Amino acid sequence: MPTMTMTGPFKLPELPYAANSLEPYIDSKIMEIHHDKHHGGYVANLNSAIAGTEAENASIEDICRQVSKYPAVVRNNGGGHYNHAMLWTIMSPEGGGTPHGDLLNFINDSFGFFETFKKQFSEAGMNRFGSGWAWLIVDDSKRLVVCSTSNQDNPLMDVAPVKGFPILGMDVWEHAYYLKYQNRRADYITAFWNLINWDEVNRRLAMVME
Ligand code: MN3
Numbered sequence: 196m197p198t199m200t201m202t203g204p205f206k207l208p209e210l211p212y213a214a215n216s217l218e219p220y221i222d223s224k225i226m227e228i229h230h231d232k233h234h235g236g237y238v239a240n241l242n243s244a245i246a247g248t249e250a251e252n253a254s255i256e257d258i259c260r261q262v263s264k265y266p267a268v269v270r271n272n273g274g275g276h277y278n279h280a281m282l283w284t285i286m287s288p289e290g291g292g293t294p295h296g297d298l299l300n301f302i303n304d305s306f307g308f309f310e311t312f313k314k315q316f317s318e319a320g321m322n323r324f325g326s327g328w329a330w331l332i333v334d335d336s337k338r339l340v341v342c343s344t345s346n347q348d349n350p351l352m353d354v355a356p357v358k359g360f361p362i363l364g365m366d367v368w369e370h371a372y373y374l375k376y377q378n379r380r381a382d383y384i385t386a387f388w389n390l391i392n393w394d395e396v397n398r399r400l401a402m403v404m405e
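For the sequence shown, the positions run 196 to 405 when our numbering is used.
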């Protein structure tokens, strides 16, 4: 399992489950290419972009938080590494259902009902034009907020329009779904809800609320 603080040079974390175990929602071919090739590529490109610089000793979180001082290659590949390392952990073959515990209470307080949050998060993914991510974040005022970013940006980044700590992210790049769903992003988003590892989302919430 990847840890929250990964110091460079960065490593591709192993998937915490078999590549075929998220079927039928996401098939093994997508998972293999997405993890090995796409995420693997972000890690390799990030390592080569920061080789010999002080960023080699920074955590991926710190690189994201100060990303404006780095070249675009670090923003794209550093974001790609952080986002995917999180994505593998917030999905699970045993995922789905509804959130529980503190997270459920926080969602109900913030959005009224789980279904209202679910609709808002799904729309954030649907309405992201081109490639990007939908997020559930805890912002600096400790509020729960749904937002989205383009490309491999994330809400940790100092360049993000809405900033905070991501506790749930959904990849809406075509590489995340095209082989199975083609242009049907809505079907992929519907399927994604069957995979969310709410224990891990709760763990991330507890981390940021400390
Ligand atoms: Mn991706």
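No residue lacks a Cβ here, since even glycine has one placed at the ideal position from N, Cα and C. Computed from a predicted structure; not experimentally measured.
Quick one: residues in its chain with C-beta nearer than 6 Å to the C-beta of I419, no 5 flanking neighbours on either side, listed in chain order?
Residue 419 lies beyond the stretch modelled for the chain, which goes from 196 to 405, so this question has no answer here.
If you pair each beta-carbon of the region 249 to 269 with each one of the region 281 to 288, do three or more pairs fall below 8 Å?
Fewer than three pairs of CB atoms, one per stretch, sit closer than 8 Å, so the region 249 to 269 makes no contact with the region 281 to 288.
Given a cut-off of 8 Å on the beta-carbon distance, is the pair I155 and R338 in contact?
Lying before the first or after the last residue shown, residue 155 is absent from the chain, which here runs from 196 to 405.
Restricting to Cα atoms, I'd like to know which of L207, D366, M404 is closest to D231.
The residue with the shortest Cα to Cα distance from D231 is L207.
Looking only at its own chain, which residues have a Cβ that is under 8 Å from the Cβ of T198, when we skip the five neighbours before and after it?
Note that T198 scores a pLDDT of 42, beneath 50, so its modelled location is shaky and nothing firm can be said.
By the three-class DSSP mapping on this structure, what secondary structure does T344 have?
strand
When the Cα atoms are used, what is the spatial distance from A386 to D335?
31 Å
Given a cut-off of 8 Å, decide if W388 and L298 are closer than it, judged by their beta-carbon atoms.
no
Leaving out the 5 sequence neighbours to the left and right, which residues in its chain are closer than 7 Å to A267 when beta-carbon positions are compared?
The beta carbon of A267 lies closer than 7 Å to none in the same chain, with the five residues before and after it left out.
Endpoints, the beta strand (DSSP E) within which S250 is located
Note that residue 250 corresponds to Ala in the displayed sequence, not to Ser. Secondary structure note for A250: it is in no beta strand (DSSP E), with a DSSP letter that is neither H nor E.
Spatially closest choice to Q347 from M365, L331, V340, V341, by CA coordinates
M365
Comparing C-alpha positions only, which one of P350, F360, I225 sits nearest to Y373?
I225
For T200, which residues from the same chain have a beta carbon less than 6 Å from its beta carbon, with the 5 sequence-adjacent residues on both sides left out?
Any answer about T200 is weak, because its pLDDT of 43 lies below 50 and its placement is not dependable; what the coordinates show is given next. Correct list, in chain order: S254.
Output needed for P350: all residues of its chain with C-beta closer than 7 Å, excluding positions within five of it in sequence on either side, in chain order.
Contacts found: W330, I332, C342, T344, V357, K358, G359, P361.
In its own chain, which residues sit with a C-beta less than 7 Å from the C-beta of A381, not counting the 5 before and 5 after it?
Cβ within range, chain order: M321.
Extent of the continuous alpha helix (DSSP H) run through F301
Start and end: 296 to 306.
In chain order, what residues place their C-beta within less than 6 Å of a heavy atom belonging to the ligand MN3?
H229, H233, H279, D366, W368, H370, A371
Use the C-beta contact count for P219: other C-beta atoms within 10 angstroms, 16 or more gives buried, fewer gives exposed.
exposed
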